[in-house]
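Working notes for the structure below.
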Amino acid sequence: MSRATVARLGRLLVRWYRTHARDLPWRRTRDPYRIWVSEVMLQQTRVKAVVPYYGRFLERFPTLEALAGSSEEALMAVWQGLGYYGRARRLQEAAREVRARYGGRLPAEPEGLARLPGMGAYTAGAVASIAFGAEVPAVDGNVARVIARLHALEGPVGSAAERRAVAARAAALIPRGQAGALNQALMELGATVCLPRRPRCDLCPLGGDCRARALGATGRIPEPARRATPRRVPAAFAVVHRGGRLALARRAPRGLLAGLWLFPGLEGAGEPGPLEGHLRAAHGLDVRLEGPVLEFRHAFSHRRWEASVYGGRLAAGQGPRRCRGLVWVRRSELDRHAIPSAHRPILEWLRASQRGFRA
DNA sequence: AAAACGGGGGC
DNA sequence: GCCCCAGTTTT
């Protein structure tokens with residue numbers, strides 16, 4: 002494809018974007034902090050899921066200083082249910098670093114941005130181009146798909162060499178001074194027209210210049226990445242009441258659902274016996290479990306929990322002081338803790354059930 | 001290079 | 001219900 006054609010397509014994409022861009026909250030601001038927040042939320046997450054969180058997040062943390070100066074608990078309470086909680090912690094960590102090292106102003110160059118926690122090649126390119134006008138590409142999954150089809154690139158778009166090739170093709174499309182608009186145009190096209198399956202080529206501004214379309218190859222380009230087989234992990238949780246309060250346990254600061262509050266439980270034990278032993282060993286909690294009161298399955302990206310939930314009754318004489326690592330909260334105060342969506346079936350069961358277990 | 005890390009939407 | 005999606009960090 003000639004340089005002149007590429008330049009023409011870049012201008013075409015920007016013009017298409019001006020008239021077809023969805024009206025999204027983060028497109029109404031030029032505040033680098035707010036653009037940055039949106040890009041982090043949009044990592045691995047669809048626009049529709051992000052929108053309600055974005056407004057609430059900025060209401061709670063209107064500025065970089067507000068985010069840097071608040072607690073991780075307050076952060077998790079707002080991020081609860083959005084998933085990939087590590088990116089939230091890295092966002093806050095980066096905000097503190099920007100406050101300490103850059104006087105609260107984000108670096109304007111992609112190299113400086115990329116040194117911050119949670120800022121990979123994509124996010125650094127997106128913030129640099131959209132917020133600061135830097136002429137660099139921002140290759141997310143949508144852009145990679147559009148570019149792979151436009152140039153009919155064979156092979157899976159995953160290897161380091163392949164990613165460099167896609168980034169170079171994307172950079173070549175940038176009209177002078179229009180990097181932010183071009184990058185967003187590619188993302189918008191991938192999200193609304195150049196869909197993974199059944200793309201709407203009839204609506205595409207690239208029209209006859211798309212190689213994959215001309216070849217009738219949009220179904221096999223790009224080649225889908227291989228997926229790991231999900232592992233199944235039996236799990237069990239306990240709903241333990243004491244004096245009108247419920248026990249919650251905090252997850253470890255790293256790993257799955259890190260730092261979130263769950264009903265106390267154990268992965269790898271789908272029955273009361275081992276779970277009772279775990280509650281005694283880990284929390285000093287002496288309960289007899291009666292259950293299951295509820296069963297649910299919840300799928301994660303590369304693992305799958307098949308969980309049971311048991312109702313618990315405290316044995317006589319066991320007070321909360323002996324329960325290590327647990328908090329006791331009223332039902333009405335459950336939502337003050339960051340509880341992941343994986344435990345929504347338990348919360349719904351609690352809401353629906355009029356009676357409870359009493360010590 | 002491969003695995004870990006959530007949740008929501010499509011079919 | 002199962003499959004799909006796809007940035008960054010860690011291993």
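The first sequence begins at 2 in my numbering and counts up one residue at a time. We put the CB at the ideal spot given by N, CA and C, even for glycine. Note that this is a predicted model, so its numbers are computed, not measured.
Sub-8 angstroms separation of residue i and residue j beta-carbons
i, j, result
"leucine 216", "valine 147", "no"
"proline 276", "leucine 261", "Contrary to the premise, residue 276 reads as leucine rather than proline in this sequence. Against a cut-off of 8 angstroms, the Cβ pair of leucine 261 and leucine 276 comes out as no contact."
"leucine 348", "alanine 250", "no"
"leucine 187", "leucine 25", "no"
"phenylalanine 297", "leucine 263", "no"
"tyrosine 311", "glutamine 185", "no"
"glutamate 110", "alanine 135", "yes"
"glycine 11", "leucine 183", "yes"
"proline 197", "alanine 168", "no"
"tyrosine 86", "leucine 258", "yes"
"leucine 295", "tryptophan 350", "yes"
"leucine 76", "arginine 100", "no"
"glycine 285", "proline 273", "no"
"glycine 181", "proline 235", "no"
"alanine 95", "glycine 119", "yes"
"alanine 153", "alanine 213", "yes"
"alanine 173", "valine 7", "yes"
"proline 231", "arginine 305", "yes"
Enclosing beta strand (DSSP E) for residue i [first to last residue]
i, result
"leucine 249", "246-251"
"alanine 237", "232-243"
Extent of the continuous alpha helix (DSSP H) run through residue i
i, result
"valine 167", "161-173"
"leucine 267", "Here leucine 267 belongs to no alpha helix (DSSP H); instead the beta strand (DSSP E) covers 266-268."
"glutamine 179", "First-last for glutamine 179: undefined, no H or E at that position."
"valine 128", "122-133"
"glutamate 112", "111-114"
"tyrosine 18", "4-21"
Where residue i sits in the DSSP three-state scheme
i, result
"glycine 217", "coil"
"valine 147", "helix"
"glycine 70", "coil"
"phenylalanine 94", "In the sequence as presented, phenylalanine is not what sits at residue 94; that position holds glutamate. Helix at glutamate 94."
"glycine 104", "coil"
"leucine 276", "helix"
"glycine 292", "strand"
"leucine 263", "strand"
"glutamate 224", "strand"
"proline 157", "strand"
"leucine 207", "coil"
"glutamate 189", "helix"
"cysteine 202", "helix"
"arginine 359", "Residue placement at arginine 359 is poorly supported in this model, since its pLDDT is 41, which falls under 50; the coordinates still yield a value, given next. Of the three classes helix, strand and coil, the one that applies to arginine 359 here is coil, per DSSP."
"valine 99", "helix"
"proline 346", "helix"
"tryptophan 118", "Tryptophan is not the amino acid found at residue 118; the sequence shown has proline there. Three-state result, proline 118: coil."
"arginine 35", "helix"
"proline 26", "helix"
Entirely within the stretch 296-344 and at least 3 residues each: give me those beta strand (DSSP E) ranges in chain order. List check, beta strand (DSSP E) in window: 304-315, 327-331.
Counting Cβ pairs, one atom from each stretch, are 3 or more of them under 8 angstroms apart for the stretch 232-243 and the stretch 71-91? No: the two stretches stay apart, fewer than three of their Cβ pairs being nearer than 8 angstroms.
Decide if the stretch 45-61 is in contact with the stretch 114-131; the criterion is three or more beta carbon pairs, one per stretch, under 8 angstroms apart. Using a Cβ-Cβ distance cut-off of 8 angstroms, the stretch 45-61 and the stretch 114-131 are not in contact, since fewer than three pairs of beta carbons, one from each stretch, lie closer than that value.
Those runs of the alpha helix (DSSP H) which lie wholly inside the stretch 39-68 and span at least 4 residues: Whole alpha helix (DSSP H) segments, 4+ residues: 48-61.
For the 8 angstroms Cβ check, are there 3 or more pairs between the stretch 75-85 and the stretch 40-50? They touch, by the three-pair rule.
When the Cβ atoms of the stretch 29-39 are set against those of the stretch 203-215, are three or more pairs found closer than 8 angstroms? In this structure the stretch 29-39 does not touch the stretch 203-215; the number of beta carbon pairs closer than 8 angstroms is below three.
Kindly confirm or deny that the stretch 222-234 and the stretch 140-157 touch, where touching means at least three C-beta pairs closer than 8 angstroms. With the cut-off at 8 angstroms, the stretch 222-234 and the stretch 140-157 touch.
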